[in-house]
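Below is one structure; the comments refer to it alone.
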Amino acid sequence: METSKVYHIGAAASLMVLIAWLLAWEMVVAPLKPGGSLLALKVVPLLLPLRGVLKRDVYTLQWSSMLILLYFAEGVVRGYSDREEVSRMMGYGEVALVCIYFVCALLFLRPYKKAAKKLARELLDKVNRATHE
256 METSKVYHIG AAASLMVLIA WLLAWEMVVA PLKPGGSLLA LKVVPLLLPL
306 RGVLKRDVYT LQWSSMLILL YFAEGVVRGY SDREEVSRMM GYGEVALVCI
356 YFVCALLFLR PYKKAAKKLA RELLDKVNRA THE
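In this text, residue positions in the sequence shown follow our numbering: the first is 256, and each later residue adds one.
This is the structure we're talking about:
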């Protein structure tokens with residue numbers, strides 16, 4: 256299987272699992288209030304890039320790799336500070352899923368970034384040659 260396809264599948268799968276993970280955490284596994292809480296709405300920002308990630312949109316993967324870092328911070332804080340063991344483990348699971356997404360997104364974007372740098376370098380060379388003639 257092509258490596259970029261593997262990275263895309265990893266990013267898409269980890270994003271979908273993260274959404275399900277967070278909903279399960281706040282609604283069933285360890286909600287702040289019995290029966291679930293409004294904290295489950297924290298998954299809404301993750302729904303915004305889902306379509307673009309599934310379609311392999313480079314721009315969406317770029318900005319969502321920054322958005323996902325908010326969830327990394329939340330997972331670290333909750334993993335370290337929550338009182339319930341289950342909730343702490345869910346926080347650390349969130350961190351793991353975010354890391355998988357982040358790494359897969361960056362590795363998927365790597366060839367596109369290299370191509371963009373090469374194109375920019377070529378254009379700059381053309382401009383430099385044109386100004387020196």
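The beta-carbon is built from N, C-alpha and C at its ideal position, and this holds for glycine as well.
Remember, predicted model here, so these are calculated numbers, not experimental data.
Roughly how many angstroms separate the alpha carbons of residue i and residue j, rounded to a whole number?
i	j	result
Gly265	Pro289	33 Å
Val350	Glu377	40 Å
Met345	Gly334	7 Å
Lys372	Asp380	12 Å
Along the chain, where does the alpha helix (DSSP H) that runs through residue i open and close?
i	result
Val261	258–279
Val284	Segment: none, Val284 is in no alpha helix (DSSP H) and carries neither H nor E.
Gly330	313–336
Ala385	340–387
Gly307	305–309
Val299	299–302
Determine the closest residue to residue i out of the options, with distance taken between C-alpha atoms.
i	options	result
Gly330	Thr386, Cys354, Val313, Arg376	Cys354
Ala268	Cys359, Lys369, Val313	Cys359
Arg306	Thr386, Met271, Leu287	Met271
Tyr262	Ala371, Lys372, Tyr356, Val382	Tyr356
Tyr326	Pro304, Leu273, Asn383	Leu273
Arg311	Thr386, Leu379, Tyr367	Tyr367
Lys260	Leu302, Val298, Lys369, Val308	Val308
Tell me whether residue i is buried or exposed, calling it buried when 16 or more other Cβ atoms sit within 10 Å of its Cβ.
i	result
Trp280	buried
Val341	exposed
Pro300	exposed
Ser292	exposed
Ser320	buried
Val332	exposed
Leu374	exposed
Worksheet item: Below 8 Å, can you find three or more Cβ-Cβ pairs linking the region 363–375 to the region 310–330?
Response: yes
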